[in-house]
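Trainee: I am attaching a structure below and will ask some questions about it afterwards.
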Amino acid sequence: MADVSVLTFNGAPRNVKDVTARNTANAATTAQEYDRQQLTGTYKGRSIVSVFAAEIGSANVWTWLQKRVKAANFTGLRIGDYIDVQLKAGANVPSQTVRYRIAAIDPYYQCGDTAKGHHIAMVPSAPVSVTGDKAVNGSYIKWRDTNDNNGTADEKHPYLCSKLHEWEIGDFLPSLPTECQAAIMPQRVLLNERYASSGKLTDDSGWSWVDLGKVWSLSEIEVYGFQAWSKTGYSIGFDCHFPIFEDTASRILGTRVLWWLRSVMGGSSSSVCYVGSCGTASSGAAAYDWVRPFPCFLVG
1 MADVSVLTFN GAPRNVKDVT ARNTANAATT AQEYDRQQLT GTYKGRSIVS
51 VFAAEIGSAN VWTWLQKRVK AANFTGLRIG DYIDVQLKAG ANVPSQTVRY
101 RIAAIDPYYQ CGDTAKGHHI AMVPSAPVSV TGDKAVNGSY IKWRDTNDNN
151 GTADEKHPYL CSKLHEWEIG DFLPSLPTEC QAAIMPQRVL LNERYASSGK
201 LTDDSGWSWV DLGKVWSLSE IEVYGFQAWS KTGYSIGFDC HFPIFEDTAS
251 RILGTRVLWW LRSVMGGSSS SVCYVGSCGT ASSGAAAYDW VRPFPCFLVG
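Counting in the UniProt record's numbering, the sequence shown runs from 1 upward without gaps.
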């Protein structure tokens, strides 16, 4: 757009620059380009730290974002925008930088047995590496040490007694920066149960509201928008599809690596669900040792 601000009439300068109109036109052009990229699946996201640098100022970006979210101020934030997080090395988490992207805005607002406040769902841009005693094949993790997708008498929800979730809460969460941990809203969901004292079950036996804690894995519904291998009914809960996973290509994150879901397979007492390296909806043995974790959280 030409930048003409003054014209001269009969030797006298006249200010003709309409700053408001110019800014409005530029904003409309930017918004239109964003819409085009979203529709074509080419939007790569923007650094939240960079885009909102003036507004964030000297504050920590997570503290700033939590304050924004609690006030339901999502202005300027887009699905796919990101914050790079440096993880602290721990016994089972190597030092690494993980790019966390906005996956959904207020997907569960006012939902649940206790109404949930405003929030943003954050997901990593690639599966996370594991190290230490819980790692297998160098940087992967088993969903469970044995091929068993049932709960127990003490914990009927299979996911909550998995090795995967133990690592998410006990190892990954402490590796996040302190300010990030403080900004996270615990997730509470309607989660499937699978347990009977009489023996192993191949399908769910019920559901109940439970806390997943501050870090958790996605369900089939949240990734695909439908069930592929999990059982229709109790495993649906109140989950919804996250818009960041708009197509099959969006499931291939970073390198072509398999990543775990929290859903367990229907018609089986030993298999669970994961996203395949080809972007496929897949399932396999709970003790399969070539799958990485995909830890997610809510800010709010």
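For glycine and all other residues, C-beta sits at the position ideal for the given N, C-alpha and C.
Can you tell me which of Gly225, Asn147, Glu55, Trp167 puts its alpha carbon nearest to the alpha carbon of Ile141?
Mentor: Trp167
Trainee: At 4 residues or longer, and completely inside the segment 137-222: list those alpha helix (DSSP H) runs for me, N to C.
Mentor: If we require 4 residues or more, the alpha helix (DSSP H) runs fully inside the segment 137-222 come out as 163-167, 178-183.
Trainee: How about Ser263 and Ala286: are their beta carbons less than 8 Å apart?
Mentor: no
Trainee: Give the list of continuous beta strand (DSSP E) stretches no shorter than 3 residues that lie fully inside the segment 242-268.
Mentor: Whole beta strand (DSSP E) segments, 3+ residues: 259-264.
Trainee: Which whole-angstrom value describes the C-beta separation of Val257 and Pro127, a residue pair presumed to lie in contact below a C-beta threshold of 8 Å?
Mentor: Rounded to the nearest angstrom, the Cβ distance from Val257 to Pro127 is 5 Å, consistent with a contact under 8 Å.
Trainee: Three-state secondary structure (DSSP) at Val130?
Mentor: coil
Trainee: Tell me whether Val49 is buried or exposed, calling it buried when 16 or more other Cβ atoms sit within 10 Å of its Cβ.
Mentor: exposed
Trainee: Is the beta carbon of Pro177 closer than 8 Å to that of Asp211?
Mentor: no
Trainee: Out of Val85, Pro124, Arg68, state which residue places its alpha-carbon closest to the alpha-carbon of Thr97.
Mentor: Val85
Trainee: Helix, strand or coil for Arg36, going by three-state DSSP, please let me know.
Mentor: helix
Trainee: Find the nearest neighbour of Gly279 within the set Gly254, Gly267, Leu298, Asp289, judged by alpha-carbon distance.
Mentor: Gly254
Trainee: Along the alpha helix (DSSP H) that carries Ile56, what are the first and last residues, could you check?
Mentor: 53-56
Trainee: I'd like to know whether the C-beta atoms of Gly300 and His119 end up nearer to each other than 8 Å.
Mentor: It is a contact, given that the beta carbons lie within the stated cut-off.
Trainee: What would DSSP say about Ser283, mapped onto helix, strand or coil?
Mentor: Residue state for Ser283 is assigned as strand, using DSSP reduced to three classes.
Trainee: With which residues is Pro124 paired in a DSSP beta bridge?
Mentor: Tyr100
Trainee: Can you grab the Cα-Cα spacing for the pair Gly237 / Ser277, in whole Å?
Mentor: 26 Å
Trainee: So is the beta-carbon of Cys161 under 7 Å away from any non-hydrogen atom of the ligand GTP?
Mentor: The ligand GTP is absent from the structure shown, which contains no ligand whatsoever.
Trainee: For Asp81, which of helix, strand or coil comes out of DSSP?
Mentor: In this structure, DSSP gives Asp81 a state outside helix and strand, which the three-state scheme calls coil.
Trainee: So the alpha helix (DSSP H) Arg68 belongs to, where does it begin and stop?
Mentor: 61-70
Trainee: Answer yes or no: do Asn150 and Leu201 have a C-beta to C-beta separation smaller than 8 Å?
Mentor: yes
Trainee: Short of 7 Å in beta carbon distance, which residues of its chain neighbour Ser47, apart from the five on each side in sequence? Order them along the chain.
Mentor: Tyr82
Trainee: Report the residue from Asp133, Phe172, Val189 whose alpha carbon sits nearest the alpha carbon of Gln110.
Mentor: The residue with the shortest Cα to Cα distance from Gln110 is Val189.
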